[in-house]
Amino acid sequence: MQFTIWCKEQGDTDAAAWSEEYNKTVSDAQAWAEMTIAAFNDSLHPGEKPRVLVCVEVAANKEKLRHDWKKASLVTEVRGVRMFDRYRCSQCGATGKRHGVGDVKPDSGTPEWCHPEATVED
Ligand SMILES: [Zn+2]
């Protein structure tokens with residue numbers, strides 16, 4: 007699962023917390039995070055402060071949604087010998103291209119999965 011751990015140094019406020027992203031095969035991200043922080047605190051180097059777990063955000067709880075691709079180009083574009091159509095997701099505004107008869111591939115930098123709560127740019 008994918009999850010983000012927010013932690014801070016002991017004595018700091020929550021505002022000073024930083025996040026670390028993980029993608030691990032664990033059944034309980036919270037327990038794993040607590041164990042990891044505890045292990046870190048047990049092996050502190052001189053000058054390091056103990057860390058405190060602030061919270062754990064699990065991203066995998068969200069259902070992965072496919073983009074709702076709608077054709078965005080009026081005519082098929084040709085680049086060299088390749089032809090493609092541009093697509094835009096009606097839910098999140100993500101853009102992608104479809105070459106030939108395959109699936110629409112999200113453009114580079116575009117999330118593979120749809121996040122409809124994101125703002126649609128239009
Ligand atoms: Zn989308």
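This note's numbering numbers the first residue of the sequence shown as 7 and each following residue consecutively.
Ideal placement from N, C-alpha and C gives every residue a C-beta, glycine not left out.
Distance, L59 Cα to E15 Cα:
Counting from 1 along the sequence shown, the entry for residue 15 is found at position 9. Counting from 1 along the sequence shown, the entry for residue 59 is found at position 53. Taking the straight line joining both Cα atoms gives about 9 Å.
Are there 16 or more other CB atoms within 10 angstroms of the CB of A100, so buried, or fewer, so exposed?
In the sequence shown, the residue the question calls residue 100 occupies position 94. Looking at its Cβ environment, which holds 16 or more other Cβ atoms inside 10 Å, A100 is buried.
Around the C-beta of C13, are 16 or more other C-beta atoms found within 10 angstroms, so that it is buried, or is it exposed?
Residue mapping note: residue 13 aligns to position 7 of the sequence shown, counting from 1. Buried, because 16 or more other Cβ atoms sit within 10 Å of the Cβ of C13.
Cβ-heavy atom distance, A100 to ligand 1, below 7 Å:
One-based indexing of the sequence shown puts residue 100 at position 94. True, at least one ligand heavy atom lies under 7 Å from that Cβ.
When you compare only the Cα positions, how much space is there between V110 and S96?
Within the sequence shown, the letter at position 104 stands for residue 110. Within the sequence shown, the letter at position 90 stands for residue 96. Using only the alpha carbons, I get a separation of about 14 Å.
Starting from D27, trace the beta strand (DSSP E) both ways and give me its first and last residue.
Indexing the sequence shown from 1 puts residue 27 at position 21. What sits at residue 27 in the sequence shown is Glu, not Asp. Looking at the DSSP string, the run of the beta strand (DSSP E) that includes E27 is 24-29.
Determine the closest residue to L80 out of R88, D74, H73, Y93, with distance taken between C-alpha atoms.
Your numbering for residue 80 matches position 74 in the sequence shown. Ranking the options by Cα distance to L80, first place goes to Y93.
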